[in-house]
Every structure is written in structure tokens, then in C-alpha cells.
Amino acid sequence: MTEQAHGPSRSGTRTRRRLPRLRIAVAAAVTFALAGTAGQVMAAEPEGGGGQPPVPSLSWSDCQGGFECANADVPLDYRDPQGRTITLAVIRKKAPDQARKKGTLFLQPGGPGNSGVDFVRNNYADLPAALRDSFDVFGYDVRGVGRSSAVTCWDDPTYTRAITAAKGAPGPDAYENAVRQGAAFDQACKDNAGELAPYVGTGYVARDIDLLRQALGEDRLTYYGRSFGSYIGTVYAAMFPERVRALVLDGAYDPEHYANRPYAYDRPQYLALDGAMSRFLDWCEANQDTCGFGDGDPRAAFEKLKADLDANPVPTANGGQANGYTVVYRLMFNINEGKVIWPSLGEALRKAQQRDTTSFLLRPPSPASFDFLNPNIVVECVDKDYPRSPALLKRQVTTNARLAPLLGPAMAYGPPLYDHQHATTCAQWTGEKPSRYAGSFRAKGSAPILVLGTTGDPDTPYQDAVALSRQLDNGRLLTFRAEGHTAFGRSACATDAVTGYLVDLKVPARGTTCADETQPPSDPPKVAPPGTTLGELRNGVSDRLDRLGSLR
210 MTEQAHGPSR SGTRTRRRLP RLRIAVAAAV TFALAGTAGQ VMAAEPEGGG
260 GQPPVPSLSW SDCQGGFECA NADVPLDYRD PQGRTITLAV IRKKAPDQAR
310 KKGTLFLQPG GPGNSGVDFV RNNYADLPAA LRDSFDVFGY DVRGVGRSSA
360 VTCWDDPTYT RAITAAKGAP GPDAYENAVR QGAAFDQACK DNAGELAPYV
410 GTGYVARDID LLRQALGEDR LTYYGRSFGS YIGTVYAAMF PERVRALVLD
460 GAYDPEHYAN RPYAYDRPQY LALDGAMSRF LDWCEANQDT CGFGDGDPRA
510 AFEKLKADLD ANPVPTANGG QANGYTVVYR LMFNINEGKV IWPSLGEALR
560 KAQQRDTTSF LLRPPSPASF DFLNPNIVVE CVDKDYPRSP ALLKRQVTTN
610 ARLAPLLGPA MAYGPPLYDH QHATTCAQWT GEKPSRYAGS FRAKGSAPIL
660 VLGTTGDPDT PYQDAVALSR QLDNGRLLTF RAEGHTAFGR SACATDAVTG
710 YLVDLKVPAR GTTCADETQP PSDPPKVAPP GTTLGELRNG VSDRLDRLGS
760 LR
């Protein structure tokens, strides 16, 4: 969708200063200290006073396909609610019968870094009819992402050089290089995104959501958030518990670990990702005819493949090259799709062995990835409070790489990239963090909150969902026994439970467990089978298209 498709910014007589809508690259208003603590923690009410921020006025315009788009101006810094603003791109599709609708359903994608505007547009048709009939479906690009002043530290050529030089099987000097690259990324953020970076933390995102709730005329929030969207919902509930109608937190985070004990958050993610890869390789060994990779020993074949591609990269059609790191990068995201993609992963690995560039595992990350990765890192460096000790950093990172030998070393020692690999960058991050939220995460007095956890989730470990459900004052856990990331849209059982909760506030019984994961087909599929999501096979070159499953 083009920028114009979202409707123009409002004009009028307001004199509040606004930031440019797309990119902010001047470090004028906020300076970063060369050394210091990890940053200030925001209180329940931001310091500085100035009264309440004005509620945005949304001027909707058609943006094709029955969707309406608008722009919302919110404070850049909630400590100065009447000061400079940042413009958020928003989208909605109205319920067909406005007289019967129950309100507005906020949809929040994963990330950080995925577009909420695209999430609504791409997933609306696959939502259960009961949700489309009951709600106006709403989404937006959070501050620092997509059309809402996307934060950029490394440009595309810089990212391309760093990723091209990375290895699937890193050498003995890899840790030191990772630390140097983390410091280089931090410096680029100071140079290119310093004016915006302090304000992209989830505490301010939650405040934005509350202003958008008011702008839409909603007394309370109805919300579905997956993956990082679950953390955004968790923070919203913690800050505004009385304003919760219904929150679904799918693929949930342990918020206390994420925000305040990030090393304790990172290690389970390394283990979960490697565990998922290990279970796939076990299946591959036991199902050689269907998998087609490994010649009886897929683990050894995988290690050899990484080393061979590192030593002799494969030229790609666009003039780039694919190596062992390319394979690890693609597997990290695609293992999220669960068992149904396993035969396709086996076929893609076999093609990679043959240096066949039709394998999606040999497609280097594109600028679409970099648009996602920049805010992914910056948001988490602002949100998380890493200790400053270099010795602790080295001990934690090298241990993670050792404990997760299949994919861990490439991630731990690679360039600034994704989620659990942020320590080498974020432990060196300096400057204030007024938008960071540190807890408590109880959401005391809220309406019931539904937490979904998938037992074999490689991205948000199941124990995080268990921990969140226990931290919440009124949390309820639903378990999906399956491989893959998140549950809604991948399980008819979980999807029905979520729908009933959002529409009619029917909370699933305690101990509810779903076990209806789509099993691997007997032959490698050429196209996505009905009711499944095969990320790269279906999405082609769109590297970070966040899609729900379709069970209709």
C-alpha cells in the first residue's frame, strides 16, 4: 500500500509541533550519554506534568478494499503532552451492520517491527465471521514502525554487507566481532534515529493505544495481540487495568523477564528455537522418504551444509550470495509454521545441498527484512534493562551459543538482528528511556485476560505464557499442544475459544488444552495446503508478512 493510501495528515489551526511522518534522522532534541546506566524507568504517570494529552481526531478516507485509513497525532514524549507530536497511520474495516456491532477490535501483530496496518489488511478476510460481524476491525503502525515514522539506524547497504559477511558456523573470533557490530549499530542509531529512539518503548505505545481507544469512542479496549503484540497488550493492561474489556495475548511473553531480566528471557528463546529445529531433524530422520534430507543422518548433514555454504557461498540472481548464515536466518523464521511445513523444510534443505537457488533457504534477507529489523532492535533496546557488565555479556552470549548448537552460534555471533540476539547491541545502548515500562505487570482489577501458549513454540517459549498467566491478577491460560508459533488461526479449538471470549466474554475453563495441530502431509507440498500457513512458500519475497492461519 502506498503512503497516499492512508489518507493525508489533518490540516487545521492547531499549532502543536509535529515530527516528520516517515523518518527522523537528526539527533537534535535528545542526546545520548557516552556512558551511564541503562536508562530511566517510566512511572505510572509520566514526569513533567502539562496536563492530559488531547485525544486525536480521526479523519477517515477510503483506502481501497472497503478499508478506511487516517492519521492520528499523539505526543512524542508523554512528559510533555502538549508538545511535539508523532503521526500514527491507522486503518479499520467497519462491521457490516453498525447497529449490531459490539465495538472495535484492535489487532496487534508481532515484532516489534511489523506493520499493524498491513496486519489488518492482510488478515481481515481470514478472521472468523463472528469477529468481522461483531466489531470494526482496527490496527495501526506503532511509533517507530512502518508508516509511523519508521526508525532506521543501519541503511540497506550496511545491513547487506554485515549479513553477507556473517557465518552459519562462526569462527573463534566471532564474539568480539559481534560486540563491535553491536557498538556500530548503536552509534548509527545515535546518528540517524537519535531524536526518535528514546520514545519508541512500549510504555508510550500503550499510552498511544489508550488515546486511540478514546478517539474511536470505546469505553474499554477489546484486543488481540500475537507475539510481541502480546507484550504490548500486557503493558496496556498493567497501566490501564480498568479500561480492559477483553484482551487476548497469544504467544505471550514473560514480561518481568523481558523488561527487567533480559538474559533470563533470552536463554529460553535460544533453547526453544533449537529445540524446535531438533524435533524437526528427529522427524526428518524417522521419515526420510517424506523429508528427503540428510541421507539417514540429517543432523550431520545440516552441520555440513552450513560449513560448506560458508566456505563456498552460492551466487544469487540479484548479484548477492547465500551461505550458511542465510540458511539459519530463513529457518529461524520458518520453523515458526509448525509441523505442516516440515516436509517443505526438508525439500528446501535438500535443494540447498544441491546449491539450487529455488530453495527459499538460499534467499538472502531483503530490504523488507531490514525495515523490520531496525525497529525490532531499537524498541527492545529501549524496553529492556540489560546489565552493563562486559564480562556478564560475554558469559551469557557464549553460553547461549553453546547450549543451542544448531542455530544458536549464528544468531549469537551474527550482526544486530532479531529478538534473543539483541544482547550484544542492547547491553551497550546508552541514553534515557522515558518510554520504557518496568512493571508491575499484575493488571490488578482488570477484566479476565486470555493468555495463549503453544507447547513447542520456537519464538515465545510456552513457559513464558505460563508465567504471564500467573503474574496477571486475572489471567486465564489456554494451552495449544503443538509445534510452531502462536495458536489463533492454527487451531480450530483455540480459534473458537478466542472468538467466544472476544465476542461474548466467555472465558475458557481453567486447564483448557487444544491439541488439533495440522500434521505433516505425506509428501512435500508445492503450495500451501488449506488451513495452513507456509510462510516463505506462500509469501514469496515479502520477508516479514505477518499472517494468521486460515481455518475457514
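Just so we're aligned: 282 in our numbering is position 73 of the sequence shown, and the numbers increase by one with no gaps anywhere. All C-beta atoms, glycine included, are put in the ideal place defined by N, C-alpha and C.
Sub-8 Å separation of residue i and residue j beta-carbons
{"i": "A461", "j": "G648", "result": "no"}
{"i": "S644", "j": "V264", "result": "no"}
{"i": "P618", "j": "A378", "result": "yes"}
{"i": "F689", "j": "A447", "result": "no"}
{"i": "L430", "j": "V453", "result": "yes"}
{"i": "D682", "j": "A652", "result": "yes"}
{"i": "P464", "j": "L687", "result": "no"}
{"i": "N545", "j": "P667", "result": "yes"}
{"i": "R685", "j": "V707", "result": "no"}
{"i": "L570", "j": "V536", "result": "yes"}
{"i": "D459", "j": "Y433", "result": "yes"}
{"i": "V299", "j": "L420", "result": "no"}
{"i": "P321", "j": "V588", "result": "yes"}
{"i": "R356", "j": "D350", "result": "yes"}
{"i": "E427", "j": "T313", "result": "yes"}
{"i": "Y813", "j": "A415", "result": "Nothing about residue 813 can be read from this structure; the chain reaches only from 210 to 761."}
{"i": "F394", "j": "T639", "result": "no"}
{"i": "D417", "j": "R352", "result": "yes"}
{"i": "Q563", "j": "L514", "result": "no"}
{"i": "P198", "j": "Y538", "result": "This structure gives no information on residue 198, because the portion of the chain shown stretches from 210 to 761."}
{"i": "G555", "j": "S436", "result": "no"}
Reduced DSSP category for residue i - H, G, I as helix; E, B as strand; rest coil
{"i": "L612", "result": "helix"}
{"i": "S553", "result": "helix"}
{"i": "N280", "result": "strand"}
{"i": "G319", "result": "coil"}
{"i": "D519", "result": "helix"}
{"i": "P667", "result": "coil"}
{"i": "R514", "result": "Note on identity: in this sequence residue 514 is Leu, with Arg being the wrong assignment. Residue state, collapsed to three classes: helix."}
{"i": "Q530", "result": "strand"}
{"i": "L757", "result": "coil"}
{"i": "P507", "result": "helix"}
{"i": "D271", "result": "strand"}
{"i": "R288", "result": "coil"}
{"i": "E494", "result": "helix"}
{"i": "A724", "result": "coil"}
{"i": "F697", "result": "strand"}
{"i": "A691", "result": "strand"}
{"i": "P407", "result": "helix"}
{"i": "V299", "result": "strand"}
{"i": "T566", "result": "coil"}
{"i": "L681", "result": "coil"}
{"i": "L714", "result": "coil"}
{"i": "T431", "result": "strand"}
{"i": "G325", "result": "helix"}
Where residue i falls, given that 16 or more other Cβ within 10 Å makes a residue buried
{"i": "G248", "result": "Confidence at G248 is low in this model, with a pLDDT of 36, below 50, so the placement of that residue is unreliable and no value is reported for it."}
{"i": "R389", "result": "exposed"}
{"i": "L612", "result": "exposed"}
{"i": "T246", "result": "Bear in mind that the predicted position of T246 carries a pLDDT of just 34, short of 50, making it unreliable; the figure below should be weighed with that in mind. Exposed: under 16 other Cβ atoms inside 10 Å."}
{"i": "S270", "result": "exposed"}
{"i": "Q637", "result": "buried"}
{"i": "L714", "result": "exposed"}
{"i": "S655", "result": "buried"}
{"i": "D498", "result": "exposed"}
{"i": "A531", "result": "buried"}
{"i": "N332", "result": "buried"}
{"i": "L757", "result": "buried"}
{"i": "A473", "result": "exposed"}
{"i": "N543", "result": "buried"}
{"i": "N527", "result": "exposed"}
Test: residue i CB closer than 8 Å to a CB of chain C
{"i": "T708", "result": "Among the chains in the structure shown there is no chain C, since it carries only a single protein chain."}
Presumed contact (8 Å Cβ cut-off) between residue i and residue j, rounded CB distance
{"i": "L297", "j": "A281", "result": "5 Å"}
{"i": "F502", "j": "R559", "result": "5 Å"}
{"i": "P584", "j": "V360", "result": "5 Å"}
{"i": "Q672", "j": "P471", "result": "So it is not a contact: roughly 16 Å between Cβ atoms."}
{"i": "A632", "j": "L602", "result": "6 Å"}
{"i": "D345", "j": "A304", "result": "5 Å"}
{"i": "P576", "j": "D327", "result": "About 15 Å separates the two Cβ atoms, so there is no contact after all."}
{"i": "Y710", "j": "A455", "result": "6 Å"}
Could you give the uninterrupted runs of the alpha helix (DSSP H) lying entirely in the stretch 445 to 488, keeping only those of 4 residues or more?
The stretch 445 to 488 contains these whole alpha helix (DSSP H) runs: 464 to 469.
Unbroken stretches of the alpha helix (DSSP H), 4 residues or longer, contained in the stretch 327 to 405
Fully enclosed alpha helix (DSSP H) runs of 4 or longer: 338 to 343, 365 to 374, 383 to 402.
Unbroken stretches of the alpha helix (DSSP H), 4 residues or longer, contained in the stretch 622 to 664
Taken in chain order, the whole alpha helix (DSSP H) runs of length 4 or more contained in the stretch 622 to 664 are 632 to 635.
Enumerate, from N- to C-terminal direction, the unbroken alpha helix (DSSP H) stretches of 4 or more residues contained entirely within the stretch 570 to 617.
Runs of the alpha helix (DSSP H) inside the stretch 570 to 617: 576 to 592, 599 to 612.
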